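Structure record follows, encoded as structure tokens.
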Amino acid sequence: MSITYVIGFQVRPQQFERFRSLLDGVLDAMRHEPMFVSATLHRAPEDPCRLMLHETWADHQDVLDVQLKRPYRTAWHEALEEVLEGPRKIEVWEPLRSDGRGAFDLVAKSPPTSEASFQHQTNASA
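The letter at position 47 of the sequence shown is residue 45 when you use this note's numbering, and the numbering goes up by one with no holes.
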């Protein structure tokens, strides 16, 4: 049965680029793993340094026994104390249903929204 991890991060602002570079390397490598299903990185609208990673794998035991020990994760794990304000918040979920139309593909291809543009959109819709 597949398993989903919801992982929360509060990134130190001065370490944000380093955090993203390290995490992007892990995500780029793990997408080629045979048991990998999906991963989506989210940002809190009110705090650009508060992130949430939603990660789904085909098998929980494989994650524990194999994936967490992959060499491409070493630099990432070693840097966490330096780049985060505090410990990650990790939750484990068992999927009951999944629906989708590839909406995140569109998000990934669209230009990033600037903070000023986001504030304007938020105020206009209020």
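Idealized CB from N, CA, C, for every residue including glycine.
As the structure is a computational prediction, the values presented were derived from the model and not from experiment.
Pairwise C-alpha distance: residue j and residue i
i	j	result
residue 73	residue 26	14 angstroms
residue 10	residue 82	5 angstroms
residue 65	residue 39	18 angstroms
residue 101	residue 19	Legend: pLDDT at residue 101 = 49, less than 50; position of this residue unreliable, value from coordinates given subsequently. Taking the straight line joining both Cα atoms gives about 24 angstroms.
residue 77	residue 67	15 angstroms
residue 30	residue 44	33 angstroms
residue 16	residue 94	35 angstroms
residue 96	residue 54	11 angstroms
residue 62	residue 98	27 angstroms
residue 125	residue 52	As displayed, the chain neither begins before -1 nor continues past 124, which places residue 125 out of reach and without an answer.
residue 22	residue 86	17 angstroms
Residues bridged to residue i [DSSP beta-bridge criterion]
i	result
residue 36	54
residue 73	Paired residues: none, contrary to the question.
residue 8	48
residue 41	49
residue 89	4
residue 82	9
Residue interval of the alpha helix (DSSP H) (run including residue i)
i	result
residue 132	Since the first and last residues shown for the chain are -1 and 124, residue 132 lies out of range.
Own chain residues within Cβ distance below 7 angstroms of residue i, not counting five before or after
i	result
residue 47	8, 9, 11, 14
residue 90	1, 3
residue 71	24
residue 42	48
residue 80	13
residue 56	0, 33, 35
Contact set for residue i: own chain, Cβ-Cβ below 6 angstroms, skip 5 residues either direction
i	result
residue 28	34
residue 60	33
residue 50	6, 40
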